[in-house]
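Residue numbers (the working numbering), protein chains in the order written: chain A, 1 to 664; chain C, 665 to 1015; chain D, 1016 to 1292.
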Amino acid sequence: MNYKSGICTFCGTGCGHLLDVRGNAVCGVFPLQNHPVSKGRLCVRGWNVHELLNTPEKITTPLIRKNGALAEASYDEAVSYLVDNLTKYKKNSSDEIGFLASPRSSNEENYLLMKLARSVVNTNNISLDSDPGHRLSLDVMHRGTGMAGMLGSLEEIAKADFLLVVGIDITKQNPIIGSEIHMAARAGAKLVVIDTRNTQIAKLSSRFLQIRPGAYRIAMAYLAKVLVNENLADTDFIKKYTDGYDGFASSLASLKEGDVAAKTGIALGPLQEVARDLAGSNAAMVFFSSGISGFDRDTISYIYNLFVLAGKIGREGCGVNPLTGINNLQGSYDMGIAPDLLTGFQPLSDAAVQDKFNREWGVKLNSGPGKSVYELMTGGNRLKALVVVDHDESIIRNVDEISAMDFVAYIGAFQNNFMNYAHVVLPIAAYVETDGTYTNTERRVQLSKKKVEPPKDILPGWKLIADIAFRAGAKWNYGSPADVMNEIATLTPNYSGISHEKLQGTFGIKWPGGAPRFSLEGTRRKVSFVPTGTNFAVPVASEEYPILLSIGESQHYWHQNNLMKKTAIPLREYNATLLLYPQGYVAISPQNARELNVRDRFPVKVVSPYGSMEAMVQVTDKVKPNTAYVAYFVHEMVTRFFLEHKDVLKRGEDATIPVRIVKV
Amino acid sequence: MYIINKSQVLDIARELQKEHQVYGPVMEKETRQVMFVAVDDIAELDLSAPIPAVPPKHAVFPHFERIMSYTYDRRNKKVEIKPDYDEKPKALFGLRSCDLTGIQCLDRFYLGQEFVDEVYRNHRKKMFIVTNTCNAPFRQCFCVCTDSGPSAHEGYDLNLTDLGDQYLVEAGSEQGKKMAERLSLSKADDSHRKRKEAIVDKSVSMFDSIAKDNKAWISRVVNRVTTGLIEEKVWEYIGDQCIECGACAFVCPSCSCFNIVDPVTGIDSADRMRTWDSCSYEGYSRMAGGHNPRKPVEDRRNKRFFCKLSYSQSKKYLRPGCVGCGRCAWVCPGDIGLPNVVTYIRREIQE
Amino acid sequence: MSEINNTTIPEIATIEEIKDEIVEVKTFYFSFDGRTDGKPFTFKSGQFVMCTVFGAGEFAVSLPPSPEKDRFHLTVRKVGKVTSALHELKTGDKVGIRGPFGNGFPFDDIKGKNVIYVAGGIGLIPLRSSIMHVMQNKDKFGRILLFLGARTPQELMYQYNLNEWKAAPGFETHITVDNPVPGWDGETGFVHTLLKKADIPVKDTVAFVCGPPVMFNAVIKELTDLGFGEDCIISTLERHMKCGIGKCQHCSIGRTLVCTDGPVYTYRQIKTLGEQI
Ligand SMILES: Cc1cc2nc3c(=O)[nH]c(=O)nc-3n(C[C@H](O)[C@H](O)[C@H](O)COP(=O)(O)OP(=O)(O)OC[C@H]3O[C@@H](n4cnc5c(N)ncnc54)[C@H](O)[C@@H]3O)c2cc1C
Ligand code: SF4
Ligand code: SF4
Ligand code: SF4
Ligand code: FES
């Protein structure tokens, strides 16, 4: 049988597929009907994955920069070169060395990279290169329930009779989850969408509330307040299973109801009805995403608390579900790709945890907290050596700092612009060329088996990292990725019991211990309401900056994504937008377009109190008057404009910036 | 008409294997998904398996296929082009009737119009086809409405029907007859034929009432689609649910759209690849410069159903383009497979 | 069934000369390196070929009649991946050619009639093919009028042809630009506005129209108002094309495939295609 089962490598949904393997090539793909998540469906990305796997744009040999140009080298030379350079900075490793890991690497590869950084190079400066925002959701879920992941189950979407989708264009970002929600709605579930834009899922919903950018938090708080005011909170549940209610209640008390309609742009009536529908449902789920296109911590906390208040967690068909946009984003955090975390969300600062790792790894870990790598590049910090794995975009931020770095190593399967800044490039096998596990957005750990041989002499990532460690003097002993997983399982309570052997022939095992969802049974601790802020300010437009700009993703294609650029059909689809708007676009309403006297594709300048950028306008009735939307793929925005606003965005305003748009 | 013992039915495939690459239904062991694939080990073939998830069209129209490769030496101004087709004849074994009809649609489209598609002809030539009657419909089948099953009428070399302990073997061509004789199959008699008829009648009676109910409607819908009288809002309703995944075209036995790209394979070499394409994609009809005649997704959905259910397109296939396999309903994330679309149009007509 | 045998594999040709037309538009003169079918290359005005730029891909391009026997030319505007790659090529470089494909202009049906051409922008490329044919057989036709619109004077293509045609007896040209520049003393405004002002024969006249959809619709309206029958308006349509032989279906419009049924259609046909053009 030339069709071999596997999992889609693109987004966090983790759909099952069969790859048509002939000789040493993947010639086609087909959906897996019995897969519990995707049930025989794939999205446009998944349907064209073979194009990526056939791309000639792979890295096929190690390279070392000599006289300014990258020149072919052997693995031996390149690995020594890498190790020699890292050794130079090892003395000050906490300040001078950083690792940027990829949310697309397998659990095994990320685990080993993390182990290499901490136990061999002696630095805790390891962080994710893309989409680190998911961490905010994990923090909130972990603080509230002890489980750092999605609380519900994708398989149970059909069991919910109330579905809330907040601020995510889900049929584009995680299309198969969007499909599952759509199917549930068709079967009778109430589907409520709250978004700044009239997205596809909004069109398919039973109720769509178009909210002003930056007002999600206050809307969520108000929903909770309605539950309290109308005695709709699940008091039995709260008494029996939760703590921290009083704190939450006092946050809610400071919400002035009179402001809500004006701030959210939604009348109170519909919001109250949504709250009542939520309370009255048997089982309810909420979906959102965090990070660049998603919410700040406080908004997530309100969403979470709202569902605890309604008693809608810990049961079948219930859950608070932050979604991951990239296939192994969840797994990356599970593997401790964060300065302050070891595997399974175990804090590095916990002495008992440190002891356990010291014992198992036979080292003495650097106990100083690490720093996020991008932070180490800026603001007076001086990172000197950087190791990057599989950069996911073709845009690179902080180019000036990176090109000024003493040493940059790039490890990856596919060619990427990051190579231009690298002093050494180490190729690794692509995901179908080696075994590995990936953890999808619902904590489903799935095994992807090797299907084809890597290009001649190319090492799989786990082997390369082990070779680097060996060269640096460490004595690791792994015969295969399965061995790595065994070690992960011993060190990580959530992954305990998971092994390649057990995963073989299954559609994955959800951590912890195969539990479909977060469960109240068997946990000794209570579920907590998480602390919430009482700042209900929303970004306001002024005469000078009359338009509220929000930021998010565009279409299915994570614009400027390195993998998408290596396909044909997804690339064509992506180009359909990119060729129309080569500098990227700012979506504005027809009314604003008339006022500005611009038509579709006219160039404009977007000016904020902190900076400006140029882009074309896209005129669409998807956005409301006096709001604008910019997709996270405008080159200038990612590299410059956005960085200028880092602080604003951090303050937690749902990534909303008041701007003025002028015709140029 | 001949008879073969159940235990020997795969001997037909073994005989075919001598000169053909045999394709047939195989159940993938771990996932239990049935696929119609090229097999080397004939014992893997499973005639009792449900309708394969993937239609056999990839045997004649692969998902991703090199049609030529070339080198272009810019400095010395030299170009060399090599056509690159797979030459080995193929045998399709255990094809379901709807899927055979799908291949017939492809034949008429690729071979029967103004031009002959050389790439397709190459896959199709010297092919041997063995069909397999469906003793019971599978989930979502509606071939009874589209006149393409549950048993094949024509176009096969051999047609098998499971009579319990034996298979009835009908020869539909000279080639088929020769094969039956080469295998020295014993002749069937009238009682066998009667048993087959009873089996087919029973199978027809087992279709979902919705499938049977739709039968009369399909022709009215065809009429409606052809004349373009369906209201815009019906297409909008359908288009709103499409997530533009392309699946409906990929799994359809009669969908034939492809894309062509020339990926570079070396410093001065490239391949010309042909891949499945889908009219649901926005870039499918977009023209250089940005004009897209089918920009709204509902226009693209309208197009697909025009292709499946209009007289104009039927002229190319000499039958409606939909062969009632139900696959697009399995795979559609938007729940707008063909049967549902027929239902929506039907609802509109009734209103 | 068609006689062409290069439906899949292109014939190799050499670029012999490249001429700059206007910004981003060049004309490429080429001849075949020797045809695999051994037959001379013949085609009808209005047909097109699929041109391969090696290492980049293939695109559809109309084939104007050629004054020379073995030398042909294509005028190509740089708009995307493949056309940009073509613009990079130098004389002596190779291209691949499949075709000719498509139906071509119906000259036999319109003998003896007056001919009006209305072109917008690079819509002149296909219409030029027709004009060249008509000019070569001028005695077979009545009055010949050309209405041409471009965005700016710089974007007026084929100046050398325009000059030559203008000079030809019995050929009337009307040219307009949307955005005049200082020094432009001709008409300004969209091309359909010229039709109102001019003295246009309607009886025994066929109109060839080609240009972007907005212009097309405006011109059609003017012409039908003037009394042109739907059969007397002829256009060539453009669609995304991949195969040129009626198989990939990228070029479908309703019930028709532009590559095999077209690209030349009468307005009556266009109206009944069953889809927007
Ligand atoms: C019958 C016909 C005659 C034509 N004649 C000419 C001509 O004489 N001169 C000229 O400059 N242009 C002509 N065109 C348009 C020309 O084919 C496109 O501009 C060209 O395909 C763009 O290719 P690209 O790769 O540069 O653009 P991209 O935007 O990169 O397009 C990628 C691919 O999409 C397809 N495609 C995109 N747009 C078109 C389109 N408008 N038409 C056909 N295929 C398209 C092609 O396969 C192309 O390779 C003609 C088109 C048709 C259909
Ligand atoms: S939804 Fe995600 S995992 Fe599923 S096919 Fe699409 S990209 Fe792949
Ligand atoms: S349209 Fe759907 S049901 Fe009909 S043949 Fe195609 S895939 Fe099967
Ligand atoms: S399968 Fe469904 S969602 Fe996918 S393109 Fe077809 S109609 Fe649209
Ligand atoms: S170009 Fe392929 S069908 Fe017309």
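Glycine included, each C-beta is placed from N, C-alpha and C at the ideal position.
Keep in mind the model is a prediction, meaning the values are calculated, not measured.
In this structure, ligand 3 has a non-hydrogen atom nearer than 7 angstroms to the beta-carbon of V987(C). Using a C-beta cut-off of 8 angstroms, the stretch 522 to 531 of chain A makes no contact with the stretch 445 to 454 of chain A, since fewer than three inter-stretch Cβ pairs fall below that distance.
Residue nearest to D705(C) within the set E692(C), R678(C), F792(C), K741(C) is R678(C) (criterion: CA-CA distance).
Per DSSP, the unbroken beta strand (DSSP E) holding M285(A) starts and ends at 284 to 289. In this structure, F1116(D) is the residue among F1116(D), V1133(D), I1140(D) with its C-alpha nearest to the C-alpha of E778(C). Under the Cβ criterion of 8 angstroms, V1006(C) is not counted among the residues facing chain A.
With the criterion set as a beta carbon lying under 8 angstroms from some beta carbon of chain C, the members of the stretch 181 to 204 of chain A are H182, M183, R186, Q200, K203, L204, in sequence order. Close to E782(C), with beta-carbon spacing below 7 angstroms, are these residues of chain D in chain order: T1022, T1023. When C-alpha distances from D829(C) are compared across C996(C), N669(C), V1005(C), the shortest belongs to N669(C). Y581(A): not part of any beta strand (DSSP E); DSSP gives it neither H nor E. The CB of G1070(D) comes closer than 9 angstroms to the CB of Y734, Y736, R738, D926, V928, D932, S933, A934 in chain C, given here in chain order. Shown here for K1096(D): same chain residues with a beta carbon closer than 8 angstroms to its own, the five before and five after excluded, namely A1071, G1072 in chain order.
Contact between S332(A) and L128(A) holds: their C-beta atoms lie close to 6 angstroms from each other, under 8 angstroms. Taking every residue with its beta carbon within less than 6 angstroms of a heavy atom belonging to ligand 2 gives, in chain order, C8(A), F10(A), C11(A), T13(A), G14(A), C15(A), S38(A), L42(A), C43(A), R45(A), G46(A), N174(A), P175(A), I176(A). Taking 8 angstroms as the cut-off, the beta carbon of G1127(D) is found no closer than this to the beta carbon of R1158(D). Out of Y831(C), R730(C), Y784(C), L756(C), the CA that lies nearest to the CA of K1262(D) is found in Y784(C).
Taking 8 angstroms as the threshold, the shortest C-beta distance from R572(A) to chain C falls below it. Closest by C-alpha distance to R1143(D), out of D1154(D), K1155(D), L1160(D), is L1160(D).
Looking at the DSSP output, S1250(D) sits in a beta bridge with V1224(D), Y1280(D). For a Cβ distance threshold of 7 angstroms, nothing in chain C lies close to E1039(D): the least Cβ distance comes to about 11 angstroms.
When distances are taken from the beta-carbon of M665(C) to the heavy atoms of ligand 5, even the shortest one reaches 7 angstroms or more. Under the DSSP definition of a beta bridge, C1066(D) partners with F1074(D), I1112(D). Counting C-beta pairs with one atom in each stretch, the stretch 713 to 725 of chain C and the stretch 764 to 772 of chain C have three or more that are closer than 8 angstroms, which means they touch.
The beta carbon of I547(A) sits closer than 8 angstroms to the beta carbons of A541, I588, N592, N626, T627, A628, P658, V659, R660, I661 from its chain, once the five residues preceding and following it are set aside; these are given in chain order. The CB of Y3(A) comes closer than 7 angstroms to the CB of E692, M699, V701 in chain C, given here in chain order. In terms of Cβ geometry, Y687(C) and F757(C) form a close pair [threshold 8 angstroms]. Within 10 angstroms of the beta-carbon of S869(C) lie fewer than 16 other beta-carbons, which makes it exposed. Membership of A628(A) in any alpha helix (DSSP H) is not indicated; the residue belongs instead to the beta strand (DSSP E) covering 627 to 631.
Membership of E487(A) in the alpha helix (DSSP H) is indicated by the continuous run 481 to 491. Three or more pairs of CB atoms, one per stretch, sit closer than 8 angstroms, so the stretch 165 to 181 of chain A contacts the stretch 32 to 45 of chain A. A heavy atom of ligand 1 is found nearer than 7 angstroms to the CB of H1255(D). Remark: C-beta atoms of N327(A) and C43(A) do not approach each other more closely than 8 angstroms.
Q905(C) counts as buried, since at least 16 other C-beta atoms from the protein chains shown sit within 10 angstroms of its C-beta. Excluding sequence positions up to five before and after S933(C), its CB lies within less than 6 angstroms of the CB of T735, all in the same chain and listed in chain order. Taken residue by residue, none of the stretch 1142 to 1176 of chain D has a beta-carbon sitting less than 9 angstroms from a beta-carbon on chain C. Sixteen is the threshold: since fewer than 16 other Cβ atoms of the shown chains lie within 10 Å of the Cβ of G892(C), the residue is exposed.
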